[in-house]
Amino acid sequence: MKTITLKPGKDRSVRQRHPWLFSGAIAKAEPGIEQGGMVTVADSRGGFLAYGYYNPRSKIALRLLEWDESRTVDGEWWREKIAGAAARREHLFQSAATSAFRLVFGEADLLPGLVADYFDGYIVAQFLTAGAFRMKAEVVEILRSLFSPKGIYSRPEPELLALEGMHDAPEVLYGELPPEDWSVAENGIRYYADLRAGQKTGFYTDQRNNRKRVAEYARGKKVLDCFCYSGGFTLGCLANGALSVTSADSSTDALALLKRNVGLNGFDGGRVRTVEADIFQLLRDYRDNGEKFDLVILDPPKLAPTKASLERAMRAYKDLNLHGIKALEKGGVLATFSCSGGVTMKDFRTALAWAATDANAELQIVEFLSQGEDHPIRVSYPESEYLKGIIARRVN
Numbered sequence: 003m004k005t006i007t008l009k010p011g012k013d014r015s016v017r018q019r020h021p022w023l024f025s026g027a028i029a030k031a032e033p034g035i036e037q038g039g040m041v042t043v044a045d046s047r048g049g050f051l052a053y054g055y056y057n058p059r060s061k062i063a064l065r066l067l068e069w070d071e072s073r074t075v076d077g078e079w080w081r082e083k084i085a086g087a088a089a090r091r092e093h094l095f096q097s098a099a100t101s102a103f104r105l106v107f108g109e110a111d112l113l114p115g116l117v118a119d120y121f122d123g124y125i126v127a128q129f130l131t132a133g134a135f136r137m138k139a140e141v142v143e144i145l146r147s148l149f150s151p152k153g154i155y156s157r158p159e160p161e162l163l164a165l166e167g168m169h170d171a172p173e174v175l176y177g178e179l180p181p182e183d184w185s186v187a188e189n190g191i192r193y194y195a196d197l198r199a200g201q202k203t204g205f206y207t208d209q210r211n212n213r214k215r216v217a218e219y220a221r222g223k224k225v226l227d228c229f230c231y232s233g234g235f236t237l238g239c240l241a242n243g244a245l246s247v248t249s250a251d252s253s254t255d256a257l258a259l260l261k262r263n264v265g266l267n268g269f270d271g272g273r274v275r276t277v278e279a280d281i282f283q284l285l286r287d288y289r290d291n292g293e294k295f296d297l298v299i300l301d302p303p304k305l306a307p308t309k310a311s312l313e314r315a316m317r318a319y320k321d322l323n324l325h326g327i328k329a330l331e332k333g334g335v336l337a338t339f340s341c342s343g344g345v346t347m348k349d350f351r352t353a354l355a356w357a358a359t360d361a362n363a364e365l366q367i368v369e370f371l372s373q374g375e376d377h378p379i380r381v382s383y384p385e386s387e388y389l390k391g392i393i394a395r396r397v398n
């Protein structure tokens, strides 16, 4: 195995077991390493640090997998790690109420570049780095042998692969192509999941616990669900007795899927109003016409993918929450979220405080929320903590 030698002083993060090393930390790479090839990582004096895979085309040039020099990172190593990830989710496999969850969460599950979601018999996989991509055939065989799925479908992320100097296309890797109308259960509610062409892998499983918790504030209330996608929060609120839900999104397809999900569960369609709109403008319109709600849910897409975009994102979060607060009745509840890895909970609280000040509102934070247990946060990899939620009450 060829060796990558680091510059002096660049080994600290490796010793702390962070799985990334940027290209600027590398002093020397032996010639002939293939893109995504396994290497030994050594400190500036030649001492062993870790095994990982190397991609000279990526700014994150090294993804580290193993810190025990006596271990061999091969197919059996990958099987052990995938089986371990599954064992930690055994309660979800056994659940009668939930059949959709994240099976492998990349670096957080010690498998950089591999994401796999389980959807009631189908697995949707993403190979997001050169090293993971090289292991595609082996990983598919491991998933097949461990879980006997109906099918394994690959859903690449073109933007992330471009950062790796790669490209790929969706394909069936094993078994059947997922049906267009496949449905899954979450907290006892059924959802159609678009595994072929929906956002990300077809359904956002990271909000499962939060959807259940937020719905507990909805009984008998008038609810506004912004960025509703296929209705995760909407259906939870309906199931928990919401008086009415206004579900807003900019996507025609998402709202059509939401309506199908309402019908799938036999909910009264008269309790749901769908609105196709730019959410920022919609909230301004509600401000202008004085429409108010008892519960406002704000679950926007990623606004700050990196720390470099933090300033712009903070302005957007402040503006979004400002108008969300203005849409609240006195005593109303705001459930607001950020899935931006570049925004910390401290940043998010700051944006919410700015919004409350500009809205001349007194807010009480009553709960902090995070991602579900199938999206674990690896202590040595703080980037795995990305989903932040706050439930706050307006008291004036």
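In terms of the working numbering, the sequence shown opens at residue 3 and continues consecutively. Note that the Cβ used here is the ideal one computed from N, Cα and C, for glycine as well. Model, not experiment: these values are computed from the prediction.
Here the alpha carbon of LYS202 sits roughly 33 Å from the alpha carbon of THR42. Each of TRP356, SER25 and SER46 was checked against the Cα of ALA318, and the nearest Cα belongs to TRP356. Under a 10 Å Cβ-count criterion, ASN398 is classified as exposed, with fewer than 16 other Cβ atoms of the shown protein chains found around its own Cβ. Under the three-pair Cβ rule at 8 Å, the stretch 132 to 151 counts as touching the stretch 69 to 87.
Close CB contacts of LEU297 within its chain, under the 6 Å cut and outside five residues either way in sequence, are with TYR219, ALA220, LYS223, VAL225 and VAL335 (chain order).
Beyond the five residues adjoining it in sequence on each side, GLY123 comes within less than 7 Å, by CB distance, of PRO151 and LYS152 in the same chain, given in chain order. Rounded to the nearest whole angstrom, the C-alpha separation of ALA279 and LEU260 is 15 Å. Residue environment analysis places GLN209 among the buried positions, since at least 16 neighbouring C-beta atoms fall within 10 angstroms of its C-beta. For PHE370, the closest C-alpha among the options ARG215, ASP321 and SER253 is that of ARG215.
Within the same chain, LYS4, VAL41 and TYR56 come within 7 Å of ILE35 by CB-CB distance, once the 5 residues on both sides are set aside. Between CYS228 and LEU285, the gap from beta carbon to beta carbon is short of 9 Å. The beta-carbon distance between PHE107 and HIS377, rounded to whole angstroms, is 5 Å. This is short enough to meet the 8 Å contact definition.
For GLU385, the closest of THR7, GLU109 and PHE103 by C-alpha to C-alpha distance is GLU109.
Inclusion of LEU23 and LEU64 in the CB contact set at 9 Å is warranted, their separation being smaller than that value.
As DSSP reads the structure, ALA187 sits in a beta bridge with ARG192.
Excluding the 5 residues flanking it on each side, VAL247 has same chain C-beta neighbours closer than 7 Å at VAL225, ASP227, THR236, CYS239, LEU240, ARG273 and VAL274, in chain order. Residues TYR194 of the same chain have their beta carbon placed closer than 7 Å to that of ASP183, with the five preceding and five following residues left out of the count.
The alpha carbon of LYS348 has as its nearest neighbour, out of LEU322, GLY391 and TYR383, the alpha carbon of GLY391.
Rounded to the nearest whole angstrom, the C-alpha separation of GLU161 and LYS332 is 43 Å.
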